[in-house]
Structures are given as structure tokens and as C-alpha cells.
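A.B. asks: Numbering (the numbering used here), first residue to last: 538 to 908. Got a structure for you, questions after.
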Ligand SMILES: *[C@@H]1O[C@H](CO)[C@@H](O)[C@H](O)[C@H]1NC(C)=O
Ligand SMILES: *[C@@H]1O[C@H](CO)[C@@H](O)[C@H](O)[C@H]1NC(C)=O
Ligand SMILES: *[C@@H]1O[C@H](CO)[C@@H](O)[C@H](O)[C@H]1NC(C)=O
């Protein structure tokens with residue numbers, strides 16, 4: 538493939554770029570209203586085959602099934618979809634937020650809705666974080682996303698009380714958003730139980746960061762039983778959503794004497810610097826992670842990486858690293874292939890360490906344990 542760097546000049550076709558427009562739209566749209574907490578996209582989703590990283594603990598996988606609630610709550614998919622359709626229209630930040638929630642849930646102790654548990658005390662100064670939500674990594678998950686899952690769960694409880702787990706509602710709501718944003722429609726397997734605990738201490742090191750190296754990403758993913766193909770496919774979720782300036786400042790000012798990452802396209806550097814001053818910028822401004830089609834769930838994200846238009850260091854790194862670059866090229870060139878890969882990887886991510894039977898509970902209110 539004729540893609541790569543040659544004396545600093547990239548040889549690849551350039552996607553149509555709408556840099557300035559989405560940046561301006563995004564910050565005014567999302568930051569102007571006091572409701573809008575800046576929705577950050579899923580952190581790059583990583584995966585590494587067990588073979589890549591060696592002797593990682595194998596994930597526990599249990600059987601989930603499409604018809605798990607066939608007898609007890611046959612309309613569950615539709616009940617959730619009815620709620621999410623309205624939510625994603627009225628609160629656009631909720632959509633990518635729910636995708637991130639699902640990712641942050643599954644990567645910490647498995648897909649068990651542990652991320653949804655509300656802090657029990659107001660965290661005072663010097664107080665240790667208690668639940669997963671208290672951790673820095675989870676602080677900017679948008680409230681609209683939590684509310685969406687809670688509302689969907691309430692609708693489900695009305696029709697089928699005490700039957701459907703919050704973990705399953707979250708998996709369904711994430712699927713709904715992908716479809717809503719123009720992505721693939723796919724069936725979601727169900728049968729997850731909710732966790733009986735949510736521990737802040739389990740978060741650190743379990744989630745990728747905006748500046749993670751590919752090594753780090755592969756390691757985190759491998760720890761979840763996911764491979765490089767999963768990493769690249771799930772990172773495609775960054776085709777929607779926004780990131781806070783704090784996650785890009787390093788790339789646009791941090792390369793010696795205020796210089797930008799030389800890998801980043803100069804047009805993107807310029808546009809980002811307008812939105813994100815080196816100091817004194819608003820903490821509420823956000824920038825789109827997919828700078829060409831930020832509201833559309835498509836494969837443009839990968840073309841951006843090839844054109845050095847990746848926003849986060851951890852995104853751009855997928856193109857720069859020889860282990861993941863061919864996968865980026867494969868998905869950049871074929872939207873159908875991306876959709877297939879994304880759905881397969883979502884299914885794998887959604888199966889991480891499922892709790893069954895008495896190992897879990899079915900909460901009534903997603904933010905509260907049963908007892
Ligand atoms: C979903 O909404 C549609 C349209 O309002 C309604 O006809 C249908 O009964 C709803 N389905 C469920 C399962 O709530
Ligand atoms: C990555 O970002 C975190 C803060 O989010 C920071 O503490 C860390 O030093 C950064 N790592 C690198 C390698 O830049
Ligand atoms: C795109 O990928 C799909 C699914 O893998 C495949 O069937 C199709 O042939 C591919 N299209 C091209 C142009 O390569």
C-alpha cells in the first residue's frame with residue numbers, strides 16, 4: 538500500500554476536511570449550553586491477542602444469548618430503543634457518552650454495570666475515592682449518558698420488573714446509539730448480571746488513556762482478552778464524540794518551544810490552536826475526535842489517521858505503529874469491513890467477565906445496589 542511517510546511528506550489520499558467548521562460548531566453547540574458536559578469519545582479501544590502479550594490471565598467468558606429474555610421480557614430491545622431514540626435526539630452528548638460508559642464498564646471488572654453505581658458519600662477533600670465513578674478516569678463521563686441508561690431501565694422495569702440487568706440495558710443502549718448515528722445495526726446478546734460491588738481501586742490501569750502508546754494499548758486490551766484487531770476496530774468508535782482540549786494540548790504545544798507534534802497535519806494544528814489556547818482556555822471547549830465527519834458513525838476516522846488528522850496521540854499512534862497500521866488501512870478502505878469488525882469486537886468486549894447466577898444481582902435502580 539502506498540501509504541506512509543516519505544521524508545515527512547505523507548503519501549496517501551487526503552480526505553475532505555471540514556476542520557474549522559466542526560470545531561466551531563462543536564464548541565458553540567456543546568459548550569454554550571450549561572447542560573453540555575463535554576462528551577469525550579471512547580478512549581481508544583485496544584486489543585491484543587493473548588499471543589501478542591503472552592501469559593495474561595485468560596478472561597472468563599460465559600454464554601450470553603440473543604433470546605435470554607425471550608420468556609421473561611421479550612420486548613426488552615424495543616423498550617430500550619424507544620427511550621434511547623428520544624434521548625439521543627434531545628441530548629446529543631448522551632450518545633457517545635453511552636458508548637464510553639459501556640467501554641468503561643466492560644474494561645473494569647467486566648460488563649456488570651459497576652460503572653453506574655453512584656458515589657455514596659460526597660467526596661470530601663482527602664477522602665479516598667469509593668466507587669469507579671469517583672476515579673479521575675471516569676469523571677467526565679457525561680451525566681446525560683448515566684441518565685439515559687437509568688431512564689431506559691425504568692421503562693424496562695415497568696414492563697418486566699426485576700428481570701433485566703442494568704448491564705444488559707447498557708449494552709443495548711450502546712448498540713442503539715451506533716445505529717442512530719449511522720453505524721451498523723446488530724443484535725446484542727444478553728444475560729449479564731449486575732455487579733454487587735463497584736470499587737474505585739479496580740479502575741487504575743484498566744483503561745486506555747488519550748496519550749497511551751500502542752504498547753500500552755495492546756497490553757490493556759490483552760488483559761481483557763482482546764487483540765490488536767479489536768483495538769483498531771473498537772477505536773473506530775472515535776468516529777463520533779468529542780474530546781476536551783486538555784487531551785490535545787500536549788500534541789499542539791508540547792514538542793519543544795511550544796511546537797506541535799510534527800506528525801500532525803498543519804491545518805489541524807492551526808484549527809486546534811484556535812479552539813484550545815495553551816493557557817487560559819475554557820475547560821468546557823471540546824473538539825471532535827473525527828475531524829471530518831464528527832456526527833456520523835462511519836470509517837472516516839481511519840482515513841483521518843492516514844492523513845495525519847488523528848486528534849488524540851493514541852489514535853494517531855495506531856497509524857504510526859507497524860503492528861496496527863495494516864489494520865487501519867484495511868478499515869479505512871472499506872466501510873462494510875469496518876462495520877463487520879466493529880460489531881464482532883463489540884460482541885467480544887461485551888462478553889468480558891460476565892457474571893452469572895448468584896455472582897451478580899439484577900438491580901432495580903442502576904445507580905444503587907439492591908441492598
Ligand atoms: C415503542 O414505541 C412505539 C411507538 O411509540 C410503540 O408503538 C410501541 O408500543 C413501543 N414499544 C414498546 C415495547 O414499548
Ligand atoms: C499521559 O497523560 C497523563 C494525564 O492524563 C499524564 O499523567 C502522563 O504523564 C501522560 N503520559 C505521557 C507519556 O505523556
Ligand atoms: C469490503 O469488505 C466486505 C466485507 O468484508 C467485502 O465483502 C467486500 O468485498 C469488500 N469490498 C472491497 C471493495 O474490497
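Glycine included, C-beta positions come from ideal geometry on N, C-alpha and C.
List the DSSP bridge partners of residue 825.
C.D. replies: As a first step, residue 825 is located in the chain shown; it is residue number 288 there, counting from the start. Paired residue(s): 779.
A.B. asks: Cβ of residue 649 within 7 Å of Cβ of residue 732?
C.D. replies: For the purposes of this step, residue 649 is taken as the residue at position 112 of the chain shown. For the purposes of this step, residue 732 is taken as the residue at position 195 of the chain shown. Cβ distance < 7 Å, so residue 649 and residue 732 count as in contact.
A.B. asks: So, at 7 Å on beta carbons, what are the nonlocal neighbours of residue 564 in its own chain, with the 5 sequence-adjacent residues on each side left out?
C.D. replies: Counted from its first residue, the chain shown places residue 564 at position 27. Annotation note: pLDDT 37 at residue 564 (below 50); position unreliable, coordinate value reported separately. If we look at residue 564 and ignore the five residues flanking it on each side, its Cβ neighbours are 812, 822 and 823.
A.B. asks: Could you name the residues whose beta carbon sits closer than 5 Å to any heavy atom belonging to ligand 1, keeping them in chain order?
C.D. replies: The answer, residue by residue, is 612, 615, 616 and 619.
A.B. asks: In or out: residue 676 buried (at least 16 other Cβ within 10 Å) or exposed?
C.D. replies: Residue numbering aside, residue 676 sits at position 139 when the chain shown is read from its first letter. So residue 676 counts as exposed.
A.B. asks: Is residue 671 helix, strand or coil when you go by DSSP?
C.D. replies: Numbered from its first residue, the chain shown carries residue 671 at position 134. If DSSP states are grouped into helix, strand and coil, residue 671 belongs with the helices.
A.B. asks: Alpha carbon to alpha carbon, how far is residue 582 from residue 830?
C.D. replies: On the chain shown, residue 582 is found 45 positions in, with the first residue counted as 1. On the chain shown, residue 830 is found 293 positions in, with the first residue counted as 1. Residue placement at residue 582 cannot be trusted, given a pLDDT of 32 that sits under 50; what the coordinates show is reported in the next sentence. Each residue's alpha carbon lies about 19 Å from the other.
A.B. asks: So does residue 873 have its beta carbon nearer than 6 Å to some heavy atom of ligand 3?
C.D. replies: In the chain shown, counting from the first residue as 1, residue 873 sits at position 336. Yes; taking the cut-off as 6 Å, the Cβ of residue 873 has a heavy atom of ligand 3 nearer than that.
A.B. asks: Should the segment 709-716 be called in touch with the segment 741-757, which here means at least 3 C-beta pairs below 8 Å?
C.D. replies: No contact exists between the segment 709-716 and the segment 741-757.
A.B. asks: Does the distance from the CB of residue 853 to the CB of residue 869 come in under 7 Å?
C.D. replies: For this step, residue 853 is matched to residue 316 along the chain shown. For this step, residue 869 is matched to residue 332 along the chain shown. Not closer than 7 Å, so no.
A.B. asks: Taking 7 Å as the limit between beta carbons, can you name the residues of its chain near residue 689, skipping five residues before and five after?
C.D. replies: By 1-based counting over the chain shown, the position of residue 689 is 152. 617, 620, 621, 706 and 710.
A.B. asks: Spell out the partners DSSP gives residue 481 in its beta bridges.
C.D. replies: Here the chain covers residues 538 to 908 and nothing more, so residue 481 does not appear.
A.B. asks: Pairs of beta-carbons, one from the segment 882-895 and one from the segment 637-653, closer than 8 Å: are there three or more?
C.D. replies: Output reads yes: the segment 637-653 touches the segment 882-895.
A.B. asks: Tell me the rounded alpha-carbon separation between residue 791 and residue 674.
C.D. replies: Walking along the chain shown from the start, residue 791 turns up at place 254. Walking along the chain shown from the start, residue 674 turns up at place 137. Cα-Cα distance, rounded: 22 Å.
A.B. asks: Between residue 762 and chain B, is there a C-beta pair that is closer than 7 Å?
C.D. replies: Here chain B cannot be found, since the structure has a single protein chain.
A.B. asks: Look at the alpha carbon of residue 687 and the alpha carbon of residue 860, and state the distance between them as a whole number of angstroms.
C.D. replies: For the purposes of this step, residue 687 is taken as the residue at position 150 of the chain shown. For the purposes of this step, residue 860 is taken as the residue at position 323 of the chain shown. Approximately 40 Å, taken between the alpha carbons.
A.B. asks: What is the DSSP secondary structure of residue 676, counted as helix, strand or coil?
C.D. replies: Walking along the chain shown from the start, residue 676 turns up at place 139. Residue state, collapsed to three classes: coil.
A.B. asks: How big is the Cα-Cα spacing for residue 640 and residue 801?
C.D. replies: The count along the chain shown starts at 1 and reaches residue 640 at position 103. The count along the chain shown starts at 1 and reaches residue 801 at position 264. C-alpha separation (whole angstroms): 27 Å.
A.B. asks: Are the segment 774-793 and the segment 623-639 touching by the rule of at least three beta carbon pairs closer than 8 Å?
C.D. replies: A contact exists between the segment 774-793 and the segment 623-639.
A.B. asks: Tell me the DSSP secondary structure of residue 727 in three-state form.
C.D. replies: Residue mapping note: residue 727 aligns to position 190 of the chain shown, counting from 1. Three-state DSSP puts residue 727 in a strand.
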